[in-house]
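Written out below as structure tokens is the structure these notes cover.
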Amino acid sequence: MSKLQQHVRKGASSLLGLLAMGFMADAHAQTGGEAVAIGDIQGAETSNVLADGSLQITMSNGFTINIPPSQFYIANGEIYISQGAMALNGLVAGATTGLPFGTVVLGVGAVGAGVAAAVAASSDKDSKSGSDGDGNGGDGKGDGDGGNTANRSPVLAGESIVTVDENQLKAYQISATDADKDTLTYSISGTDAALFNVNASTGEVTFKEKPDYEAPNDGNEDGIYIVKVTASDGTKSASKSVSIVVKNANDAPEFTSSDAVSVEENQTLAYQAVTEDREDDNITYSLSGTDASKFLINQTTGEVTFKTAPDYESDPGKTYQITVSADDGTHTTTQDVTITVTDVDEAPVISTAASVDAAEEQTSVVTISAEDPEGKDLTYSITGGADSGKFTIDSATGELNFQSAPDYETPGAADGSNAYQVTITVSDGVEDSTLDLTVNVTNVADPSNMPSTPANADDFTEDSIALTSLVDAGAVDLNIFEDDPDTIAALAASVPTGEWAEDHSQTDPGMMLVADDVLELSLQQMAESDHSDMLAA
1 MSKLQQHVRK
11 GASSLLGLLA
21 MGFMADAHAQ
31 TGGEAVAIGD
41 IQGAETSNVL
51 ADGSLQITMS
61 NGFTINIPPS
71 QFYIANGEIY
81 ISQGAMALNG
91 LVAGATTGLP
101 FGTVVLGVGA
111 VGAGVAAAVA
121 ASSDKDSKSG
131 SDGDGNGGDG
141 KGDGDGGNTA
151 NRSPVLAGES
161 IVTVDENQLK
171 AYQISATDAD
181 KDTLTYSISG
191 TDAALFNVNA
201 STGEVTFKEK
211 PDYEAPNDGN
221 EDGIYIVKVT
231 ASDGTKSASK
241 SVSIVVKNAN
251 DAPEFTSSDA
261 VSVEENQTLA
271 YQAVTEDRED
281 DNITYSLSGT
291 DASKFLINQT
301 TGEVTFKTAP
311 DYESDPGKTY
321 QITVSADDGT
331 HTTTQDVTIT
341 VTDVDEAPVI
351 STAASVDAAE
361 EQTSVVTISA
371 EDPEGKDLTY
381 SITGGADSGK
391 FTIDSATGEL
401 NFQSAPDYET
411 PGAADGSNAY
421 QVTITVSDGV
431 EDSTLDLTVN
441 VTNVADPSNM
451 PSTPANADDF
461 TEDSIALTSL
471 VDAGAVDLNI
481 FEDDPDTIAA
491 LAASVPTGEW
501 AEDHSQTDPG
511 MMLVADDVLE
521 LSLQQMAESD
531 HSDMLAA
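For what it's worth, the working numbering labels the leading residue of the sequence shown as 1, then goes sequentially.
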């Protein structure tokens, strides 16, 4: 059985016991009955107050009865027994006591039914004393009750058992009257008095700390707090025992998560709401507050996320204010939360493409382009790649070069191709970024090594297979050449068929042969126009 179950059972048992014992009855004029003087109890022979404060009565049949301190009081030298104690112990008042018959019958009936009726009452019995006026036996003018009225005790009112909700401070209101109109002061004592405060002027009794039904801290931890309340007029006083029963109430959810958190930029998780509910009710979460529109919340779990991951650099030192609400269906609890976004060192961002072209027969490749979000200085290095040994890089500028000019006609990449692999690393001193780069070496057309004059002009006839010519003259667009079509046509017309032009240097774009009105161009011209694919041997 859990501690809570034990408490519930224990508290219920105690409360039922209190109710069965009839605490609603009062010992002295608080419910209409009167306490009984011990001298008016039938069969009572002697009485003695013991060390523990209880009263021991010896009956004529030899039996002894113990009366607890809360069930009797002494006033003007007389001991008075509460009606509850009378009924509980089967005591009967004599005819001279004025005890209401109905009360006596009720008490006896309660005992016969096996129900104990214990009433907390301690109040002085009002009394009057007489005087003979001269101290010598009286002057015969008295009427039996004396000429002076003695100070009378306060009379307590109010219930002896009260029930209050947990989680609030108000406990009890002491109420008393004084026939002499004296100013009363109030105090408390007893088993659980240390847990309460009392206003000496008003009689208001409050808990020092809000009581918790689930975790009672009274003397026997049953949730029933017992105190003795006293009203005093400065001379006389009246007291009674009061039981304050704390009952269960639905508790509002309580936040256990912090009300201020810091989160890193560039991620969406912002806050995790955590609550406790004494009744284990299902909690529904919601958001409000200044910056609520920038967030989402999981209504079931309480997880709060940014709609868009925050960027510290765009708004340094930014804080967000939200209010998280937790509702258990009966009560709603709110918590104001401050979320601060912190900076995270971000890696450099490389913008250079992963594949670049570089012409053969020269060393320049590319300058690596990168930026750091925090604006830090960057350093560049070669950190890998199958062909890393063929490159150099400027660590400050990121300029990448071949160590020696590549030759398209002689591929030098590790895989035998003209595609060279190299890995570039860019660092801001804390974070690194890498680029796996492919450098494609491209061809540059070489000048023709055609002889300055043909060895035998007869070899360059229209039918000679040694002559390099256009595959299909009809498909040739003269616009592709450096000279415009009209100039090419004029040059062709001015050169005799099957002969070299007068100026046949390798740089002369006019080097050509003409055979049967078909324009035949040299390798030199075709290479310079980058249309060597139109040539055939």
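For each residue, glycine too, the CB sits at the ideal point set by N, CA and C. Small disclaimer: the values here were computed from a predicted structure and weren't measured.
*Taking all protein chains shown into account, decide if L435 is buried (16 or more other Cβ within 10 angstroms of its Cβ) or exposed.*
Here the question's residue 435 lines up with position 435 in the sequence shown. Buried, by the Cβ-count rule.
*asked:* For a quick check, are the C-beta atoms of V242 and Y271 less than 8 angstroms apart?
replied: As a first step, residue 242 must be located in the sequence shown, where it is residue number 242. As a first step, residue 271 must be located in the sequence shown, where it is residue number 271. For V242 and Y271, no; Cβs fall outside 8 angstroms.
*Counting pairs of beta carbons, one from the stretch 292-307 and one from the stretch 342-352, are three or more of them closer than 8 angstroms?*
no
_Here's the rule: buried if 16 or more other CB atoms are within 10 angstroms of the residue's CB, otherwise exposed. What is G389?_
Numbered from its first residue, the sequence shown carries residue 389 at position 389. That one is exposed.
*By Cβ distance, which residues of its chain are closer than 6 angstroms to Q56, with the 5 residues on each side in sequence left out?*
Within the sequence shown, residue 56 is the residue found at index 56, counting from 1. The residues are N48, L50, T64, N66.
*Would you list the one or two residues that DSSP bridges to M59?*
To locate residue 59, count along the sequence shown from 1; it is residue 59. DSSP output for M59 lists A44 as bridge partner(s).
*Which listed residue (A193, D336, V227) has its alpha carbon closest to that of T256*: Here residue 256 is taken as the residue at index 256 of the sequence shown, counted from 1. Comparing alpha-carbon positions, the option among A193, D336, V227 lying closest to T256 turns out to be D336.
*Helix, strand or coil: which one does DSSP assign to L437?*
Looking up residue 437 in the sequence shown gives position 437. Strand, per DSSP.
*Nearest residue (CA-CA) to A414, options T438, S70, N167, P68*: Locating residue 414 in the sequence shown gives position 414, where the first residue counts as 1. When only C-alpha atoms are compared, the closest one is T438.
_Excluding the 5 residues flanking A193 on each side, which residues of the same chain have their C-beta closer than 8 angstroms to its C-beta?_
As a working note, residue 193 is residue 193 in the sequence shown. Counting only Cβ-Cβ distances below 8 angstroms, and skipping sequence neighbours, we find V227, K228.
_Sequence-distant residues of the same chain with beta carbon closer than 8 angstroms to A354, five excluded per side_ = The residue labelled residue 354 in the question sits at position 354 within the sequence shown. So the qualifying residues of the chain are L435, D436, L437, T438.
*Starting from A413, follow the beta strand (DSSP E) in both directions and report where the run begins and ends.*
Along the sequence shown, one-based indexing puts residue 413 at 413. Neither: A413 is in no beta strand (DSSP E) and is coded neither H nor E.
_Report the start-end ranges of each beta strand (DSSP E) in the stretch 332-419 that is 3 residues or longer and not cut off at the edges._
332-342, 355-359, 364-367, 379-384, 391-393, 399-402
*Just the C-alpha distance for A309 and Y408, rounded to the nearest angstrom, thanks.*
To locate residue 309, count along the sequence shown from 1; it is residue 309. To locate residue 408, count along the sequence shown from 1; it is residue 408. Rounded to the nearest angstrom, the gap between the Cα atoms of A309 and Y408 is 48 angstroms.
*Expressed to the nearest angstrom, what Euclidean distance is found between the alpha-carbon atoms of I283 and D327?*
As a first step, residue 283 must be located in the sequence shown, where it is residue number 283. As a first step, residue 327 must be located in the sequence shown, where it is residue number 327. Computed Cα separation, rounded: 5 angstroms.
*Rounded to a whole number of angstroms, what is the C-alpha to C-alpha distance between A85 and N220?*
The residue you call residue 85 lines up with position 85 of the sequence shown. The residue you call residue 220 lines up with position 220 of the sequence shown. So the two alpha carbons sit approximately 24 angstroms from each other.
_With a threshold of 6 angstroms on Cβ separation, who are the neighbours of T191 within its own chain once the five nearest residues in sequence on each side are excluded?_
In the sequence shown, counting from the first residue as 1, residue 191 sits at position 191. If we look at T191 and ignore the five residues flanking it on each side, its Cβ neighbours are G219, I226.
*Determine the extent of the beta strand (DSSP E) in which Q272 is found, giving its start and end residues.*
In the sequence shown, residue 272 corresponds to position 272, counting from 1. That run of the beta strand (DSSP E) goes 269-272.
_For N66, list the residues DSSP reports as bridge partners._
Here residue 66 corresponds to residue number 66 of the sequence shown, with the count starting at 1. Beta-bridge pairing links N66 to Q56.
*Please go through the same chain and pick out, in chain order, the residues whose beta-carbon is closer than 6 angstroms to the beta-carbon of H331, but skip the five residues on each side of it.*
As a working note, residue 331 is residue 331 in the sequence shown. Closer than 6 angstroms at Cβ, skipping near neighbours: A252.
*Taking 8 angstroms as the cut-off, decide whether the C-beta atoms of Y80 and A35 are in contact.*
Translated into the one-based positions of the sequence shown, residue 80 becomes position 80. Translated into the one-based positions of the sequence shown, residue 35 becomes position 35. Yes, the pair counts as a contact, with Cβ atoms nearer than the cut-off.
*asked:* Taking the straight line between their C-alpha atoms, what separation do you get for T58 and P216?
replied: Residue numbering aside, residue 58 sits at position 58 when the sequence shown is read from its first letter. Residue numbering aside, residue 216 sits at position 216 when the sequence shown is read from its first letter. Taking the straight line from one Cα to the other gives about 40 angstroms.
_Looking at V245: is its Cβ nearer than 8 angstroms to the Cβ of E166?_
As a working note, residue 245 is residue 245 in the sequence shown. As a working note, residue 166 is residue 166 in the sequence shown. For V245 and E166, no; Cβs fall outside 8 angstroms.
*Separation of R278 from K208, as counted between CA atoms*: Position 208 of the sequence shown holds residue 208. Position 278 of the sequence shown holds residue 278. C-alpha separation (whole angstroms): 21 angstroms.
*Evaluate the contact criterion for the stretch 196-213 versus the stretch 257-266: three or more CB pairs, one atom per stretch, below 8 angstroms.*
no
*Just confirm the distance between the C-beta atoms of T423 and G385, as a whole number of angstroms; I'd bet it's less than 8 angstroms.*
Here the question's residue 423 lines up with position 423 in the sequence shown. Here the question's residue 385 lines up with position 385 in the sequence shown. The beta carbons of T423 and G385 sit about 4 angstroms from each other, so the pair counts as a contact at 8 angstroms.
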